[in-house]
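Number of protein chains: 2
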Amino acid sequence: MAEPKFNIAVVERDTGLSKDVLRMWERRYGFPVPERDGNGERAYSAEQVDRLRLIKRLMDQGHRPGKLMALPGDALADLAPRHGREAVGQTDAPVEPLDDLIDAIRRHDGAAYQQGMQHRLARQGLMRFVLDTVAPLTRRIGEAWEDGSLEVFEEHLFTELTKRLLRQAIAGLPTGGGPRVLLTSVPEEPHMLGLLMVETLLALEGAECVPLGTEMPLLEIARAAEAHQADIVALSFSVAFPQRHVTGVLQQLRQILAPRVDLWVGGMGVRRLAVAAGVVPLPTLEAALSALNAWRAEHP
Amino acid sequence: MAEPKFNIAVVERDTGLSKDVLRMWERRYGFPVPERDGNGERAYSAEQVDRLRLIKRLMDQGHRPGKLMALPGDALADLAPRHGREAVGQTDAPVEPLDDLIDAIRRHDGAAYQQGMQHRLARQGLMRFVLDTVAPLTRRIGEAWEDGSLEVFEEHLFTELTKRLLRQAIAGLPTGGGPRVLLTSVPEEPHMLGLLMVETLLALEGAECVPLGTEMPLLEIARAAEAHQADIVALSFSVAFPQRHVTGVLQQLRQILAPRVDLWVGGMGVRRLAVAAGVVPLPTLEAALSALNAWRAEHP
DNA sequence: GCTCCTGTTTGTCCTGGACAAAACCGTTGT
DNA sequence: ACAACGGTTTTGTCCAGGACAAACAGGAGC
Chain A
1 MAEPKFNIAV VERDTGLSKD VLRMWERRYG FPVPERDGNG ERAYSAEQVD
51 RLRLIKRLMD QGHRPGKLMA LPGDALADLA PRHGREAVGQ TDAPVEPLDD
101 LIDAIRRHDG AAYQQGMQHR LARQGLMRFV LDTVAPLTRR IGEAWEDGSL
151 EVFEEHLFTE LTKRLLRQAI AGLPTGGGPR VLLTSVPEEP HMLGLLMVET
201 LLALEGAECV PLGTEMPLLE IARAAEAHQA DIVALSFSVA FPQRHVTGVL
251 QQLRQILAPR VDLWVGGMGV RRLAVAAGVV PLPTLEAALS ALNAWRAEHP
Chain B
1001 MAEPKFNIAV VERDTGLSKD VLRMWERRYG FPVPERDGNG ERAYSAEQVD
1051 RLRLIKRLMD QGHRPGKLMA LPGDALADLA PRHGREAVGQ TDAPVEPLDD
1101 LIDAIRRHDG AAYQQGMQHR LARQGLMRFV LDTVAPLTRR IGEAWEDGSL
1151 EVFEEHLFTE LTKRLLRQAI AGLPTGGGPR VLLTSVPEEP HMLGLLMVET
1201 LLALEGAECV PLGTEMPLLE IARAAEAHQA DIVALSFSVA FPQRHVTGVL
1251 QQLRQILAPR VDLWVGGMGV RRLAVAAGVV PLPTLEAALS ALNAWRAEHP
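Chains as they are written, first to last, in our numbering: chain A, 1 to 300; chain B, 1001 to 1300.
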């Protein structure tokens, strides 16, 4: 049986590398050079797709394609950074408090993960749970993802289960009267966890949150802010969002958004962002709480 | 101040029309013809983007681009189908049971919507709630979306709030031992509601559901099925998913998936699908329950 | 009515060229 | 030593125009 082949559109979807980039790499670096099907169209092998995904991951960590392509076959895997386990104890038991949760994910044991999280939530209370468990855990998962020690579907399972937990927690909160905050993300940014964490904190502090899900076209964000009479629009950018696009997107949104509406921007994707005019950066979750207090001080 | 302009990449993101299509339409039909910026690159106006979104919507309903482009400026809006309110009563009160919920969404009153849904859930029980409230409501929202009477952000709000409700309901269920079902969708298919409805029903019947979120690369779906020892992989395709791609995707997935794993496929996007070998179609939610029973009969 | 066939429509892929923005790097000045 | 600066290389994205297969529409024949 012939091996399965993937055409360029499928590879674009599965790797996140645009058709233009795939063709350009082939032209420039000589990789990947796919076979051609009967119509002369590119037909990538599963192996090539896997390698492209690895390259994409390394690039997201700052490596440059020109260097990566020059490397021989198996040298790539060694480039992944090594985060975890700085100090490995003498015991097999979890040395760090979050390890039990990560282990549950690695074992694909959703039930154990949920149970562990529920336990923590009950013990810590919602605010500390978000700040001390969900946020660091998300970071750890992100690191594991970066160094390739976590499969895509393991990360998906983590994300899905964690989203459920947070949404459930939010549902139990009373809806206050503070500023009305519209939470969403821009197209091409599907990550929801950061938004949910912020929403939890803001809702806990009595703000009125309007969750609009992810990937709202910019024009729609402006319309929604109008329709909901929002005081604040809060966006989240993950590390995966191409840095070079953030500024442009924000400028454009600021331009079409009513001036009276605050624009808050957080997430790992904007950590070291040159602050544009009229945009409030939220480098950490705590900053969101400060920003809320500041807003309230200015709007008595 | 100059009007905001959008480059071709932004338009692709916001409309879902590929760069190739945008350029081809310009070549063939003479619309849209954007201005050019200083570098000779296309710069679309907000007006053009809106019109493109309208055209995209009409095409998803079966209209053909050649015809649409030939129409003059404002004739397009009249093409939208008119679903709702076949028999308008003499009263202003909701004539159909679901109207109060839809009205709440239209008023952007999330709290009222959630309250109404909770009420129904309590009264109907989870299974009937899914079958008699969530499913028809989703359909009604879809129709409103098609005929353009619902804004994008209104649909997003509905989706987000409904997802929360269902996830909350699922969380309360005991996790049974029946077949292990892996629920997800393929890349380019971000819609989650259908999956959640199926998951609710299957979980109610005691199946062990593994929710992996949306947009899993095909190779990863196969890996996840392996790692989780899944008996069944269930996919969902919305109407928005291009029909002509469904068959190819399913063939490819079937090819890389272990033969012992069932492949179930549901959603509005596969309503009239020529059934491929080794793929179980689920044209309705009820069919999912039947399929579960059939599976159990075959695996004593 | 139905099926089969043919011409048209439509989306996607191809090549190869151009260029701007970002990243890098060596130099100079403090 | 280090910071600022300017030139060079790298990299992604855009463009034009050509080709073609798959989907569709519509008519001829049964």
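The beta carbon of each residue, even a glycine, is placed where N, CA and C say it ideally should be.
Item                                                                                                                                                              : Value
Should His-228/A go down as buried or exposed, given a rule of 16 or more other Cβ atoms within 10 Å for buried?                                                  : buried
Just curious, the alpha helix (DSSP H) that Arg-1260/B is in, first and last residue?                                                                             : Unbroken run through Arg-1260/B: none, as it is neither H nor E.
If you count every other CB in all the chains shown that lies within 10 Å of the CB of Met-185/A, and 16 or more means buried, which is it?                       : What sits at residue 185/A in the sequence shown is Ser, not Met. The residue is buried, with at least 16 neighbouring Cβ atoms inside 10 Å.
To which residues does DSSP link Glu-208/A through a beta bridge?                                                                                                 : Arg-180/A
Buried or exposed for Glu-310/A, going by 16 or more other Cβ atoms inside 10 Å?                                                                                  : Since the displayed chain A opens at 1 and closes at 300, residue 310/A lies outside it and no answer follows.
Suppose the cutoff is 6 Å on Cβ atoms and the five residues either side in sequence are ignored; what does the same chain contact list for Arg-1244/B look like?  : none
Name the DSSP beta bridge partners of Val-280/A, please?                                                                                                          : Trp-264/A
Taking Cβ to Cβ, would you say Leu-1201/B is nearer than 8 Å to Val-1265/B?                                                                                       : no
Could you have a look at Val-239/A and say whether DSSP puts it in helix, strand or coil?                                                                         : coil
Going by DSSP in three states, Gly-84/A sits in which element: helix, strand or coil?                                                                             : Because Gly-84/A carries a pLDDT of 40, less than 50, the predicted location of this residue cannot be relied on, and no value is offered for it.
Interface residues of chain B around His-119/A at Cβ under 9 Å?                                                                                                   : What His-119/A touches in chain B: nothing, since even the nearest Cβ is about 15 Å away.
With burial defined as no fewer than 16 other Cβ atoms inside 10 Å of the residue's Cβ, what is the status of Ser-18/A: buried or exposed?                        : exposed
In the DSSP assignment, what are the bridge partners of Ser-149/A?                                                                                                : Bridge partners of Ser-149/A: none, in fact.
Hey, Asn-7/A and Glu-41/A are a contact pair by Cβ (cut 8 Å); roughly how many whole angstroms apart?                                                             : 6 Å
Measure the C-alpha to C-alpha separation of Ala-1259/B and Pro-4/A and round it to an integer number of angstroms.                                               : The amino acid at residue 1259/B is misidentified as Ala; the sequence shows Pro. So the two alpha carbons sit approximately 15 Å from each other.
I'd like the list of long-range same chain contacts for Thr-1175/B, defined as Cβ closer than 7 Å, with 5 residues on each side in sequence excluded.             : Glu-1208
Under 8 Å between the Cβ atoms of Met-69/A and Phe-31/A?                                                                                                          : yes
Which value, in whole angstroms, describes the spacing of the CA atoms of Leu-98/A and Ala-104/A?                                                                 : 10 Å
Is there at least one Cβ from chain B nearer than 8 Å to Glu-220/A's Cβ?                                                                                          : yes
Applying a beta-carbon distance threshold of less than 7 Å, which residues of chain B neighbour Arg-36/A?                                                         : Within 7 Å Cβ-Cβ: nothing; Arg-36/A doesn't reach chain B, min ~18 Å.
Express the C-alpha separation of Leu-1183/B and Gln-1252/B in angstroms, rounding to a whole number.                                                             : 18 Å
Give me the Cα-Cα distance between Arg-13/A and Leu-150/A, rounded to the nearest whole angstrom.                                                                 : 20 Å
In angstroms, rounded to a whole number, what distance separates the CA positions of Leu-1204/B and Asp-109/A?                                                    : 20 Å
At 3 residues or longer, what runs of the beta strand (DSSP E) sit wholly inside the region 1002-1056 of chain B?                                                 : 1042-1045
Assign Glu-1298/B to buried or exposed, taking buried as 16 or more other Cβ atoms, counted over all protein chains shown, within 10 Å of its Cβ.                 : exposed
Would you mind listing the alpha helix (DSSP H) stretches within the region 95-142 of chain A that are 4+ residues and don't spill past its ends, in chain order? : 99-106 and 110-124
With which residues is Ile-1232/B paired in a DSSP beta bridge?                                                                                                   : Val-1181/B and Asp-1262/B
Taking contact to mean at least 3 C-beta pairs separated by less than 8 Å, is the region 155-166 of chain A in contact with the region 213-223 of chain A?        : no
Should Glu-154/A be labelled buried (16 or more other beta-carbon atoms within 10 Å of its own) or exposed?                                                       : buried
Which residues in chain A have a C-beta closer than 8 Å to the C-beta of Glu-1151/B? List them in chain order.                                                    : Glu-220, Arg-223, Ala-224 and Ala-227
Answer with buried or exposed for Arg-57/A, where buried requires no fewer than 16 other C-beta atoms within 10 angstroms of its C-beta.                          : buried
Do we get a CB-CB distance below 8 Å when we pair Gly-1110/B with the residues of chain A?                                                                        : yes
Against chain A, does Pro-1179/B count as a neighbour if the rule is that its beta carbon must be under 8 Å from one of theirs?                                   : no
Can you find a C-beta in chain B that's less than 8 Å from the C-beta of Gly-303/A?                                                                               : Any property of residue 303/A remains undetermined from this structure, which presents chain A solely from 1 to 300.
May I ask which residues mark the beginning and end of the alpha helix (DSSP H) holding Arg-1296/B?                                                               : 1285-1298
Cα separation between Val-280/A and Pro-242/A?                                                                                                                    : 19 Å
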